[in-house]
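Trainee: Residue numbers (our numbering): 99 to 937. The beta carbon of each residue, even a glycine, is placed where N, CA and C say it ideally should be. This structure is a prediction, so every number in the text was calculated from the model and none was measured.
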Ligand SMILES: [Zn+2]
Ligand SMILES: [Zn+2]
């Protein structure tokens, strides 16, 4: 019997076979760009089996670009409407992002209304995101065995030998091949190539040498005998006598080099005295040393108050995921953190310790290293890429040296696998919020979600809680533990308000200094103690004005007047950096009647130099801390007591811990209070309390003088009586009345364009769209206080969201308007930035 098979069937079967053979796989990847969607590429069966979510692949994009992209999902769904390209290469053997991490980033993207690509860009060290625009170079001082390289690697290496640094795209051209990213990645893994970047050098503080008398000569008899023997060495005798003189004038340690300078002699004379065992040299024992050998100090036992707080935190954690530790300045919060960290590490879980400004934490890190040895890693955007990548990989592998990570806000992007505790120190600090570019996230709030995903806890600590966090303790969302006494029962500083209106009227002002301030300064300096003066403005004077015609020079690019900087004899714009030489005549009427209004740190510094010519005066603001290590050097100098008076901006308020500050002076509290922002009062309270907290951190009670035109202002009174609760109660009432956070949420939408008309029209259009639905809860469009920066006009629209309104629906609505806006040709040049919780 013969089979008859119809030809149609054969054709059908063939087609099926073809389809089976051609079963295709696809991978959706996230590109590190602001576009919201994922992109689909085709892969083969083996690749599909190998690839996992969180791995990197190099993919072509557009005409000539290459990106490192993150695998999101693998599937077989052919996208319709376009032909998929193949991936270039797989860059990882294991995922570099964990599923939990991606989940966290997806939450961030949705909450802060940005793209996952923007999170990838912000979260990953750029050495893990090689792309066509990346510039690479050969690591110097390398003995490369080309024989050990693959052909491809050797080719790339040789091509690079003749270039100092080169775009990845150019390497593609040189080698005439597409897939160079994986080769470069391999060369980087072998430490032959590196990504070119601005190099941040490490600064190691110099240890200043001091001299003192040895035990032997520290008595009456010993001394007279010594002076006799020194009759034959007049130079040495002179040095010794000078030493006694200095010792009687100051309680501060006497530096070897200072002594040498004062005696106008050479180092050998002092060395001779050291050899004779008259003097001994020593360095002031400081905390900032590298304890890389391992833990060297047992964790301190907590005092009674600390122990109580510690136990309360643990009890609170049984029911709460987040606890706020409200402890006054210098109450020893760090020791409590340390105890908690110890417990969590012992339980085998990771700890993230977030600080607002890593540059200020050398003291802290040294302390933690004493306790936890090399279980600690530090992560910060100012570290070199190599260091950051290494920390990333250590955390990813859950290595023992990355169990405790200390870092600024970006450290919450690290690939933790088992995070048991997040500490947010100084939780009120604005630097936990990223304003630009997207993701515009708040690290404190984001860390709560992060810890929750890991089933871990969050401890926030501060002397001056943000009103949001404080409010959260009131509503029962967070636990609250308070610590009202300073460590060692040191008293809170004595804060005095000085009415400078009154003082001016009675002619009791010398320049910017009231007689009270000068009085206290003289006394404190007489005791050999140091002084910090706070003025929240840099430069010499914020306004230069002609007294004849009233003209004040303005920045041509921004809507602000130029600040006078005396040192450089320049007028500068603090927004765009524009500067011109200071003029003698008015630009409008040519009269020589220019006058300055207001004052900044530079003016205080110059007045100080006249008032206290014999003392060392230094200034800490953006202008003096620009250099690589300028900041650390200033801190070191203050710590070494080489500075008697330090004048500075709010940089001074950030948790610096110095033993010898007898007086803190606030030159003028008023411009803080009158800042046009709904948080101005809260921020003023925080800043002034924090600055005041720098005073008297050891036995002696510190003194604080606040100069103001409004000594009866309620915030200043609350600062002076250290009454946080009263301040919070009043401010929260106001926030409630005027519909501000924490009772309402705020989404700020910022519009920027070079054309004033266009940006007005665009923001109007957008605001109208919002008003159709949200009515009176839409404010603006309105120009911010500085309405034009770098020739871009700015308008803001604010959307207030009551607690009862769905946040998700509101955001969806905003996105729909935003999408419609993006389709309007006329507005195509207008930049729109959406900022959720913009405060
Ligand atoms: Zn004029
Ligand atoms: Zn400008």
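#1: Does DSSP put residue 628 in a helix, in a strand, or in coil?
#2: Verify whether the separation of the beta carbon atoms of residue 786 and residue 817 is less than 8 angstroms.
#3: Would residue 302 be called buried (16 or more neighbouring beta carbons within 10 Å of its own) or exposed?
#4: Starting from residue 413, follow the alpha helix (DSSP H) in both directions and report where the run begins and ends.
#5: How long is the line joining the alpha carbons of residue 516 and residue 474, rounded to whole angstroms?
#6: Considering only their Cβ atoms, is the gap separating residue 279 from residue 290 smaller than 8 angstroms?
#7: Indicate the three-state DSSP secondary structure (helix, strand or coil) for residue 739 in the structure shown.
#8: Give me whichever residues DSSP pairs with residue 896 in a beta bridge.
#9: What's the gap between the Cα of residue 373 and the Cα of residue 379?
#10: Measure the alpha-carbon distance for residue 684 versus residue 670 and round it to whole angstroms.
#11: Can you check whether the CB of residue 760 is closer than 8 angstroms to the CB of residue 625?
#12: Does DSSP put residue 543 in a helix, a strand or coil?
#13: Return helix, strand or coil for residue 644, following the three-state DSSP convention.
#14: Can you tell me which of 697, 660 and 231 puts its alpha carbon nearest to the alpha carbon of residue 679?
#15: Let me confirm a value: residue 647 is counted as buried when at least 16 other C-beta atoms fall within 10 Å, else exposed. Which label applies?
#16: In three-state DSSP terms, what is residue 292?
#17: Just tell me which of 152, 203 and 154 has its CA closest to the CA of residue 549.
#18: Give every residue whose Cβ lies closer than 5 angstroms to any heavy atom of ligand 2, listed in chain order.
#19: Just to confirm before moving on: does the CB-CB distance between residue 493 and residue 470 stay below 8 angstroms?
#20: Here's the rule: buried if 16 or more other CB atoms are within 10 angstroms of the residue's CB, otherwise exposed. What is residue 752?
#21: How long is the line joining the alpha carbons of residue 486 and residue 228, rounded to whole angstroms?
#22: Any idea what DSSP makes of residue 555, helix, strand or coil?
#23: Just tell me which of 283, 676, 767 and 251 has its CA closest to the CA of residue 273.
#24: How long is the line joining the alpha carbons of residue 586 and residue 527, rounded to whole angstroms?
#25: Taking the alpha carbon of residue 629 as the point to measure from, which residue in 743, 323, 732 and 277 has its own alpha carbon closest?
#26: If you follow the alpha helix (DSSP H) that residue 568 is in, where does it begin and where does it stop?
#27: Do residue 842 and residue 906 come within 8 angstroms of each other at the CB atom, strictly closer than that value?
#28: Would you tell me roughly how many angstroms separate the C-alpha atoms of residue 390 and residue 460, rounded to the nearest one?
#29: Quick one: grab the DSSP three-state call for residue 157.
#30: If you measure from each CB to the nearest heavy atom of ligand 1 and keep those under 6 angstroms, what residues do you get, in chain order?
#31: Thinking C-beta only, is residue 176 closer than 8 angstroms to residue 127?
#32: Does the separation of the CB atoms of residue 591 and residue 210 fall below 8 angstroms?
#33: Can you find the residues in the same chain that come closer than 7 angstroms, C-beta to C-beta, to residue 944, ignoring five residues on each side of it along the sequence?
#34: Could you give the first and the last residue of the continuous alpha helix (DSSP H) run that contains residue 345?
#35: Which of the three DSSP states is assigned to residue 237 in this structure?
#36: Less than 8 angstroms between the C-beta atoms of residue 293 and residue 234, yes or no?
Mentor: Looking at the atomic coordinates:
#1: Locating residue 628 in the chain shown gives position 530, where the first residue counts as 1. DSSP places residue 628 in strand when its eight states are reduced to three.
#2: Here residue 786 corresponds to residue number 688 of the chain shown, with the count starting at 1. Here residue 817 corresponds to residue number 719 of the chain shown, with the count starting at 1. Yes, they are a contact pair.
#3: Your numbering for residue 302 matches position 204 in the chain shown. Confidence in residue 302 is poor, its pLDDT being 48 and thus under 50, which makes the residue's placement unreliable; the coordinate value appears in the next sentence. Residue 302 is classed as exposed because its beta carbon has fewer than 16 other beta carbons within 10 Å across all chains shown.
#4: Residue numbering aside, residue 413 sits at position 315 when the chain shown is read from its first letter. In this chain, the alpha helix (DSSP H) harbouring residue 413 covers 402 to 415.
#5: Here the question's residue 516 lines up with position 418 in the chain shown. Here the question's residue 474 lines up with position 376 in the chain shown. Rounded to the nearest angstrom, the two C-alpha atoms are 15 angstroms apart.
#6: Here residue 290 refers to the residue found at position 192 of the chain shown. Here residue 279 refers to the residue found at position 181 of the chain shown. No Cβ-Cβ contact shorter than 8 angstroms links residue 290 with residue 279.
#7: On the chain shown, residue 739 is found 641 positions in, with the first residue counted as 1. DSSP, reduced to helix, strand and coil, places residue 739 outside both helices and strands of the structure shown, so it counts as coil.
#8: Here residue 896 corresponds to residue number 798 of the chain shown, with the count starting at 1. Partner residues in the beta bridge of residue 896, as assigned by DSSP, are 846 and 877.
#9: Locating residue 373 in the chain shown gives position 275, counting from the first residue. Locating residue 379 in the chain shown gives position 281, counting from the first residue. So the two alpha carbons sit approximately 10 angstroms from each other.
#10: Numbered from 1 along the chain shown, position 586 holds the residue referred to as residue 684. Numbered from 1 along the chain shown, position 572 holds the residue referred to as residue 670. When rounded, the distance between both Cα atoms is 16 angstroms.
#11: Against the chain shown, residue 625 aligns to sequence position 527. Against the chain shown, residue 760 aligns to sequence position 662. Closer than 8 angstroms, so yes.
#12: Indexing the chain shown from 1 puts residue 543 at position 445. If DSSP states are grouped into helix, strand and coil, residue 543 belongs with the helices.
#13: Indexing the chain shown from 1 puts residue 644 at position 546. In the three-state reduction of the DSSP assignment, residue 644 falls in the strand class.
#14: Counting from 1 along the chain shown, the entry for residue 679 is found at position 581. Nearest of 697, 660 and 231 to residue 679, Cα basis: 660.
#15: Looking up residue 647 in the chain shown gives position 549. The residue in question, residue 647, is exposed, as its Cβ has fewer than 16 Cβ neighbours within 10 Å.
#16: As a first step, residue 292 is located in the chain shown; it is residue number 194 there, counting from the start. Here residue 292 sits in strand by DSSP.
#17: Start at 1 with the first residue of the chain shown, and residue 549 comes out as number 451. Nearest to residue 549 by C-alpha distance, out of 152, 203 and 154, is 203.
#18: What you get when you keep residues with a C-beta closer than 5 angstroms to any heavy atom of ligand 2 is 653, 655, 656, 671, 673, 674 and 676.
#19: Residue numbering aside, residue 493 sits at position 395 when the chain shown is read from its first letter. Residue numbering aside, residue 470 sits at position 372 when the chain shown is read from its first letter. No, the pair does not count as a contact, with Cβ atoms beyond the cut-off.
#20: By one-based count along the chain shown, residue 752 stands at place 654. Residue burial annotation: residue 752 is buried, with at least 16 other C-beta atoms found within 10 angstroms of its C-beta.
#21: As a position in the chain shown, residue 486 is number 388, starting the count at 1. As a position in the chain shown, residue 228 is number 130, starting the count at 1. A direct Cα-to-Cα measurement between residue 486 and residue 228 gives close to 15 angstroms.
#22: Sequence index remark: in the chain shown, residue 555 carries index 457 (1-based). Three-state result, residue 555: strand.
#23: In the chain shown, the residue the question calls residue 273 occupies position 175. Nearest C-alpha to residue 273 among 283, 676, 767 and 251: 251.
#24: The residue labelled residue 586 in the question sits at position 488 within the chain shown. The residue labelled residue 527 in the question sits at position 429 within the chain shown. Rounded to whole angstroms, residue 586 to residue 527 spans 26 angstroms at the Cα level.
#25: Mapped onto the chain shown, residue 629 falls at position 531. Checking every option, the nearest Cα to that of residue 629 belongs to 743.
#26: The residue given as residue 568 occupies position 470 in the chain shown. DSSP places residue 568 inside the alpha helix (DSSP H), whose first and last residues are 565 to 572.
#27: Residue mapping note: residue 906 aligns to position 808 of the chain shown, counting from 1. Residue mapping note: residue 842 aligns to position 744 of the chain shown, counting from 1. The criterion of a C-beta distance shorter than 8 angstroms is not satisfied by residue 906 and residue 842.
#28: As a position in the chain shown, residue 390 is number 292, starting the count at 1. As a position in the chain shown, residue 460 is number 362, starting the count at 1. In this prediction, residue 390 scores a pLDDT of 44, lower than 50, which makes its location untrustworthy; the coordinate-derived value is nonetheless stated afterwards. Residue 390 and residue 460: Cα-Cα distance of roughly 14 angstroms.
#29: Numbered from 1 along the chain shown, position 59 holds the residue referred to as residue 157. Secondary structure of residue 157 (DSSP, three-state): strand.
#30: In chain order, the qualifying residues are 644, 646, 647, 649, 684, 686, 687 and 689.
#31: One-based indexing of the chain shown puts residue 127 at position 29. One-based indexing of the chain shown puts residue 176 at position 78. One thing to note: residue 127 has its Cβ no nearer than 8 angstroms to the Cβ of residue 176.
#32: Locating residue 591 in the chain shown gives position 493, where the first residue counts as 1. Locating residue 210 in the chain shown gives position 112, where the first residue counts as 1. No Cβ-Cβ contact shorter than 8 angstroms links residue 591 with residue 210.
#33: The question about residue 944 has no answer here: the residues shown for the chain are numbered 99 through 937.
#34: Here residue 345 is taken as the residue at index 247 of the chain shown, counted from 1. Taken as a continuous stretch (DSSP letters only), the alpha helix (DSSP H) holding residue 345 covers 332 to 347.
#35: As a working mapping, residue 237 is identified with position 139 in the chain shown. Under the three-state reduction of DSSP output, residue 237 falls in the coil class, being neither helix nor strand.
#36: Working through the chain shown from its first residue, we reach residue 293 at position 195. Working through the chain shown from its first residue, we reach residue 234 at position 136. A contact, by the Cβ cut-off of 8 angstroms.
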